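J.: Could you have a look at this structure, given as structure tokens, before my questions?
Right under this line is the structure:
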């Protein structure tokens, strides 16, 4: 039995999809490698903005859970909208583990806002926290990804970049997510000669485990009704797709935006 190691950086890992992915990888990391007779040792760098002590405690709890399942974990905090934060996060990953195989750019936010009400600050803030941060993460991670035998990048987009409705406006968020998709395709083309895949996952309505909307039952009922399959996603539904894209079985998939939205963007 031979052993390989995968080093994974997940941004926004303190809750939701990021936390679900970290736990899924920690409990099922043997599925990474499709080679018979091979086991995988998993190293996770888990990031959160860490705006307060509660946020930091949430990330540490995710790390503890992953460690209990055999992963080696480290944590890093930083606001990705701030200049230099992305470089710092990747640097800390390389300093802790000496390599980086998989980058999952999950951190982001959604803000309901009409174009008429959109101000320059909100648009700048959305672009700084999402596409600008994604570009900076990929730039800093590229040398390590090129030397990996399993280089993977997955970015989180959203249905709001593909579904536009007067009653559900996301002007800044939709623009920022669309920019991430464009940057991901550029990265996919540039990194393909090095065997690195780059893809986007675009979730639909996905249950939250914290925040003002987490316990808003009427809003989630409306979201389920708007989804053709009749239900919303759990974070682990999205995490399962991301985990597949990180695996050896997805080595021939790159430059794609894969929707996981229960049919929300069908029409």
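Residue numbers (full-length UniProt numbering): 1 to 267. Just so you know, even glycine gets a beta-carbon here, dropped at the ideal spot from N, CA and C. Being a predicted model, the structure only gives us computed values, none of them experimental.
Do residue 246 and residue 90 have their C-beta atoms closer together than 9 Å?
T.: no
J.: Which partner residues does residue 199 have in the DSSP bridge list?
T.: 154
J.: How far does the beta strand (DSSP E) with residue 252 in it reach, from first residue to last?
T.: Neither: residue 252 is in no beta strand (DSSP E) and is coded neither H nor E.
J.: Rounded to whole angstroms, what is the Cα-Cα separation between residue 255 and residue 142?
T.: One C-alpha to the other measures close to 16 Å.
J.: According to the Cβ coordinates, are residue 150 and residue 102 closer than 9 Å?
T.: yes
J.: Taking the alpha helix (DSSP H) that residue 160 falls in, what are its first and last residues?
T.: Taken as a continuous stretch (DSSP letters only), residue 160 belongs to no alpha helix (DSSP H), as it is neither H nor E.
J.: Pick from 174, 263 and 139: whose alpha carbon is nearest that of residue 126?
T.: 174
J.: Buried or exposed for residue 181, please, with buried defined as at least 16 other CB atoms from any protein chain shown within 10 angstroms of its CB.
T.: buried
J.: Could you pull out every residue in the same chain whose Cβ sits closer than 7 Å to the Cβ of residue 114, ignoring the five residues on either side in sequence?
T.: 169 and 171
J.: Report yes if the C-beta distance between residue 4 and residue 27 is below 9 Å; otherwise report no.
T.: no
J.: Identify every run of the beta strand (DSSP E) within the segment 5 to 67, keeping only runs that are complete inside it and at least 3 residues long; order them along the chain.
T.: 38 to 48
J.: Is residue 155 closer than 9 Å to residue 198 when the C-beta atoms are compared?
T.: Yes, Cβ-Cβ distance for residue 198 and residue 155 is below 9 Å.
J.: Where DSSP assigns a beta bridge to residue 272, which residues make up the other side?
T.: With the chain represented from 1 up to 267, any question about residue 272 goes unanswered, as that position is not in the structure.
J.: Thinking C-beta only, is residue 229 closer than 9 Å to residue 159?
T.: No, Cβ-Cβ distance for residue 159 and residue 229 is not below 9 Å.
J.: In chain order, what residues of the same chain lie with their CB nearer than 6 Å to the CB of residue 244, ignoring the 5 residues before and after it?
T.: 250
J.: Pull the bridge partners of residue 170 from the DSSP assignment, please.
T.: 113
J.: Return yes when the Cβ of residue 97 is within less than 9 Å of the Cβ of residue 153, no when it is not.
T.: no
J.: When DSSP builds the beta bridges, which residues end up paired with residue 233?
T.: 206
J.: Please work out which residues of its chain come closer than 7 Å, Cβ to Cβ, to residue 241, disregarding the five sequence neighbours upstream and downstream, and give them in chain order.
T.: Only residues of its own chain outside the window of five on either side were considered, and among them 201, 258 and 260 have a CB closer than 7 Å to the CB of residue 241, listed in chain order.
J.: Using the DSSP secondary-structure output, state which residues sit across from residue 257 in a beta bridge.
T.: Partner(s): 200.
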